[in-house]
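Reading through the structure tokens given below for one structure.
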């Protein structure tokens, strides 16, 4: 952990922003970079991107542009909070959220994953797999789940 970057997945929600605060603190403490990851998935479901399109290709292009814009804004917000020698490395992936985060953590040999919990409880928790819970069970590195 002390020499490897921190992976912080984001869906641009308030809870993800809270988890990012912890990632920034950990990065400053251990003097490691932050890898900020957004996984594009389920364009017609959980996320309301506010995009009207006529084709799948146009949708993918618009989603990628939206994600890049949001990530760039987050990087500009984070950089002043990090020690001068540290960097924020933004990344976008597409596909199943859990699989993409896990794959990214392995490919980039991250030292820790800091992720927001979605907060499902009861029956909703049983029916909707929790990405943060899956990562805590399957990741090869420590996972900090933030509420």
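Numbering (this note's numbering), first residue to last: 116 to 262. Every residue, glycine too, gets a C-beta built ideally from N, C-alpha and C.
Could you give the residue range of the alpha helix (DSSP H) that holds residue i?
i, result
"residue 246", "246-253"
"residue 152", "Looking at the DSSP string, residue 152 is not in any alpha helix (DSSP H); the run it does join, the beta strand (DSSP E), is 149-155."
"residue 135", "129-145"
"residue 122", "No alpha helix (DSSP H) holds residue 122; the beta strand (DSSP E) holding it covers 121-124."
"residue 215", "212-222"
"residue 173", "171-193"
Which same chain residues, not among the five before or five after residue i, have their C-beta less than 7 Å away from its C-beta?
i, result
"residue 133", "231, 261"
If I follow the unbroken beta strand (DSSP E) through residue i, where does it start and stop?
i, result
"residue 259", "258-261"
"residue 209", "203-209"
"residue 229", "227-231"
Going by the beta-carbon positions, is the gap between residue i and residue j smaller than 8 Å?
i, j, result
"residue 246", "residue 216", "yes"
"residue 119", "residue 224", "yes"
"residue 186", "residue 171", "no"
Give me the Cβ distance between residue i and residue j, rounded to the nearest whole Å; I'm assuming they're in contact under 8 Å.
i, j, result
"residue 121", "residue 190", "Not quite, the Cβ-Cβ distance comes to about 14 Å (not below 8 Å), so this is no contact."
"residue 153", "residue 125", "6 Å"
"residue 182", "residue 155", "6 Å"
Near residue i, which residues of its chain fall below 6 Å by C-beta distance, leaving aside the five closest residues on each side in sequence?
i, result
"residue 249", "213"
"residue 259", "229"
Between which residues of its own chain and residue i is the CB-CB distance below 8 Å, once the five residues before and five after are set aside?
i, result
"residue 238", "Note that residue 238 has pLDDT 46, beneath the 50 cutoff, so the model's placement of it is unreliable and the number below is only indicative. Nothing meets the Cβ criterion."
"residue 204", "120, 148, 149, 150, 151"
Under 7 Å from any heavy atom of the ligand NAD, does the C-beta of residue i make it?
i, result
"residue 217", "You won't find the ligand NAD in this model; it holds no ligand whatsoever."
contact_flag[the segment 181-198, the segment 139-152] where n(CB pairs < 8 Å) is 3 or more: yes
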